[in-house]
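Structure record follows, encoded as structure tokens.
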Amino acid sequence: MEQLKVQGISSFTKFATNGKMLKLKDAIAGEQRISLQEATDIQVSMLDEDHSRFTIFGQTNPLVELTLPHHSCDVLHAWLLHKLKRQKIKLASNA
24 MEQLKVQGIS
34 SFTKFATNGK
44 MLKLKDAIAG
54 EQRISLQEAT
64 DIQVSMLDED
74 HSRFTIFGQT
84 NPLVELTLPH
94 HSCDVLHAWL
104 LHKLKRQKIK
114 LASNA
């Protein structure tokens, strides 16, 4: 699994993916595994001047929501889209 580590609010958040599953470990959210094949959209929305919300949406509910510094959200978003593209996984929002 390829890994990414980004600065979180009070700690680092670690991500690992094989392109089909996303494993994240965060001090607040704990450890989660998300099937990226169930993802319909990935969005980054600004919360304030320092933080953004990173959300992976499923069919009916968000699969994961994280509040991270802006730069961390941008890095995570670009990294994850690249991994999905390499695995030829299309999100419903991009299909």
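Numbering (the numbering used here), first residue to last: 24 to 118.
No residue lacks a Cβ here, since even glycine has one placed at the ideal position from N, Cα and C.
All values derive from a computational prediction rather than experimental measurement.
Where L45 is concerned, the enclosing beta strand (DSSP E) starts and stops at M44 to D49. Per DSSP, the beta bridge partners of R56 are K46. Under the DSSP assignment, S95 falls in the alpha helix (DSSP H) whose first and last residues are H93 to R109. Assignment of E61 by DSSP, reduced to helix, strand and coil, places it in the helix class. Excluding residues up to 5 positions away in sequence, V67 lie with their Cβ nearer than 6 Å to the Cβ of H100 in the same chain.
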